[in-house]
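Chains as they are written, first to last, in my numbering: chain A, 8 to 72; chain B, 2 to 419.
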Amino acid sequence: MSLRVAVDRAHCELHGQCVERVPSVFRFTDDGDLDHLTEADDDLADDLSDAQFLCPAQAIEVGPA
Amino acid sequence: MTDVAGVTGGQAVAPDHRPPDRVVVVGASLAGVRTALGLRRNGFAGTITLVGAEPWLPYDRPPLSKQVLLGEWTPDRTRLASPEQLAEQGIEVRLGDPAEALDQPGRAVVLRSGARIDFDALVVATGAAPRPWPFPTPDTGVYDLRRLDDATAIRDAFDTAPRVVVVGAGFIGTELASAAARRGLPVTVVEPRPDPLAAQLGTLAGTALLDLHRRHGVRFHTGRAVRAVHGADRVTTVELDDGTLLDADLVVVGIGVLPNTGWLRGSSLELTDGVRCDGTGVTSTDPAVWAVGDVARWPVAGHVEPRRVEHWTSAVEQAGVVAYNLLRPPADRRVTAQTPYVWTDHYGLKVQLVGLAGPDDESTVLHRSPDGERFVAVRHAGGRVSAALAFGMPETLPKLRTAVRSGATLAEATALFG
Ligand SMILES: Cc1cc2nc3c(=O)[nH]c(=O)nc-3n(C[C@H](O)[C@H](O)[C@H](O)COP(=O)(O)OP(=O)(O)OC[C@H]3O[C@@H](n4cnc5c(N)ncnc54)[C@H](O)[C@@H]3O)c2cc1C
Ligand code: SF4
């Protein structure tokens, strides 16, 4: 059923490409921090892979849960 | 398939719809390596050859003027793909051997070594190179900043506490000034325009960024051009067109870039300020040749003429589109008109810009932080938003993107921050 999603917070630079591409998994909190689900449905594999590609900080990891 | 307004020349129709067996990608940097990896991601099983002029495996450039100059990252942190990953993906990499010519009728690329590489499809990803300096300079102490070895050389030169003069107050010049000032070095920036950064950010945000630099001790000579750089073999002074002499141990020139299209001269490709493409990434004149990244001129949302966008995300988006389209017949291809996005880092503050404003578009601040230092602004013309920028407020970016993409009115954009 699911994928594991992790963001390396030491690398993340808050470009928000992930928020833009997969809003169901990534979001910005009101105080400007990145927040994300740690598990996502398999259906989102392609979208998550796009987000990984688009992240300028190469901070997103996606793997089997 | 939707059509993008302003794309002329129409859809190039391949004589047959056979997908290619051999793809050659010229330019082993961001756009090139992402195209190669993207082809595999799309299931391409043929051969991929990635040709690069530089001796290094693909690496990322934005950190060069940021983390690498500050000494926060070692150069290997900038790597975009490991040798193992490239081998595993079946991508043959030929480094340090630039393409010198395109044999268009023969469907081959000719390298400096004399090697010929045949292709069914060619992706041009040769990027851009610093605009050459218009007059002679001393051998030592004058740099531009595009390659990994430029960044490490400047970083090392910082260690001897030099007096730094930056020529050109664009993103790269001012990021360099920020890095040097943070290292405690005296920095002077020379810029012929009276309002540095206004072309990129508008006068309002350009002025705010300049003020930030001034608060960190950077001095500016605006509306002044460099007349000469003096020094026998090592630079000693920079002379401005009003006669001012600036003492300098280290001069960094950031006066823009030109697309690397020299090796394509004589081909049928349209090469005026970059390789002209349609919104699918195929070149305007040859259905077997594609172009991506800084070297390519693609349609941009809201603009009639295709243009080069020298930004990281454009290179990545174009690589994704071409990796998809190159394997498909014209009728199944995706078309994009990109919304440009760029960021720049100064003293730990991130400025992010979405969209492409006209030079005369007005700026309006929509929101400010309580301390007044950070803000969100839009550029607009005729009541419509053309671009938006976040000055130290990355969390506002999704809203700004929505405003720019939808071509919001100024009132609608203001309401987003009400
Ligand atoms: C210091 C610096 C900081 C930057 N910061 C930012 C930033 O903060 N945000 C942002 O959005 N963008 C930034 N950019 C821009 C971004 O790095 C570029 O948009 C991106 O590198 C474009 O990738 P590319 O692959 O198209 O071109 P390039 O990275 O220029 O790569 C082209 C490659 O092709 C090679 N090549 C050239 N000619 C030949 C030939 N004949 N044969 C074979 N190979 C050839 C070159 O050697 C080069 O390796 C920055 C750029 C620099 C230099
Ligand atoms: S795209 Fe990458 S850098 Fe940007 S917010 Fe997402 S994880 Fe962070």
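Backbone N, C-alpha and C fix where the C-beta goes; we use that ideal spot for every residue, glycine too.
Closer than 8 Å to some heavy atom of ligand 1: that does not describe the Cβ of Glu73(B). At least 9 Å separates the CB of Val12(A) from every CB of chain B.
Contact note: Pro63(B) reaches chain A through Pro63, using a C-beta cutoff of 8 Å and chain order.
Of the residues assessed, Thr75(B) falls on the exposed side of the cut-off, its CB having fewer than 16 other CB atoms within 10 angstroms. Under DSSP, the beta-bridge partners assigned to His222(B) are Val191(B). Non-local C-beta neighbours of Ala409(B) in its own chain, meaning closer than 6 Å and more than five positions away in sequence, comprise Val386, ordered along the chain. Of all residues in the stretch 29-43 of chain A, those with a C-beta nearer than 9 Å to a C-beta of chain B are Pro30, Arg34, Phe35, Thr36, Asp37, Asp38, Gly39, Asp40 and Leu41, reading in chain order. The contact set of Glu27(A) on chain B, defined by CB atoms closer than 7 Å, consists of Pro399 and Arg402 in chain order.
Around Gly23(A), the beta-carbon contacts reaching into chain B at under 7 Å are Pro395, Leu398 and Pro399. The alpha-carbon of Glu318(B) is positioned some 21 Å away from that of Thr50(B). Counting only Cβ-Cβ distances below 8 Å, Arg35(B) has contacts in chain A at Phe60, in chain order. Within the stretch 344-402 of chain B, there are no complete alpha helix (DSSP H) runs of at least 4 residues. Burial state of Phe136(B) is exposed, judged by a 10 Å Cβ sphere holding fewer than 16 other Cβ atoms. Around Trp344(B), the beta-carbon contacts reaching into chain A at under 9 Å are Glu20, His22 and Pro63. Residue state for Ile256(B) is assigned as coil, using DSSP reduced to three classes. In the structure shown, Gln339(B) adopts extended strand secondary structure according to DSSP, grouped into three states. In terms of beta-carbon proximity, Val317(B) lines the interface with chain A, with at least one pair separated by less than 9 Å. Membership of Pro131(B) in the beta strand (DSSP E) is indicated by the continuous run Ala129 to Pro131. Chain-ordered, the chain A residues with CB closer than 9 Å to the CB of Thr314(B) read His22, Gln24, Leu61 and Pro63. Shortest gap from the CB of Pro63(B) to any heavy atom of ligand 2: 8 Å or more. Taking a Cβ-Cβ cut-off of 9 Å, the neighbours of Gly321(B) in chain A comprise Asp57, Phe60 and Leu61, given in sequence order. Of the residues Cys62(A), Arg28(A) and Val29(A), the one whose Cα lies closest to the Cα of Arg16(A) is Cys62(A). In the structure shown, the three-state DSSP call for Thr175(B) is helix.
Rounded to whole angstroms, Leu123(B) and Glu55(B) show a C-alpha spacing of 19 Å. If you look at Gly70(A), you'll find it in the beta strand (DSSP E) that goes Ile67 to Pro71. A check of alpha carbon separations from Leu81(B) across Pro59(B), Ile92(B) and Asp98(B) identifies Pro59(B) as the nearest.
Taking one beta carbon from each stretch, the stretch 258-270 of chain B and the stretch 232-239 of chain B have fewer than 3 pairs nearer than 8 Å; the two do not touch. Each of Ala302(B), Gly282(B), Thr286(B) and Asp287(B) was checked against the Cα of Val293(B), and the nearest Cα belongs to Gly282(B). Residue pairing of Ile49(B) in beta bridges, as defined by DSSP: Val24(B) and Ile92(B). The beta-carbon separation of Arg402(B) and Glu27(A), rounded to 6 Å, stays under the 8 Å limit for a contact.
In the three-state scheme derived from DSSP, where H, G and I count as helix and E and B as strand, His214(B) is classed as helix. C-alpha of Thr345(B) to C-alpha of Thr48(B): approximately 37 Å in a straight line.
In the three-state DSSP reduction, Asp150(B) falls in the helix class (H, G or I). When Cβ-Cβ separations below 9 Å define contact, Gly39(B) makes contact with chain A.
Assigned with DSSP and collapsed to three states, Arg78(B) falls in helix.
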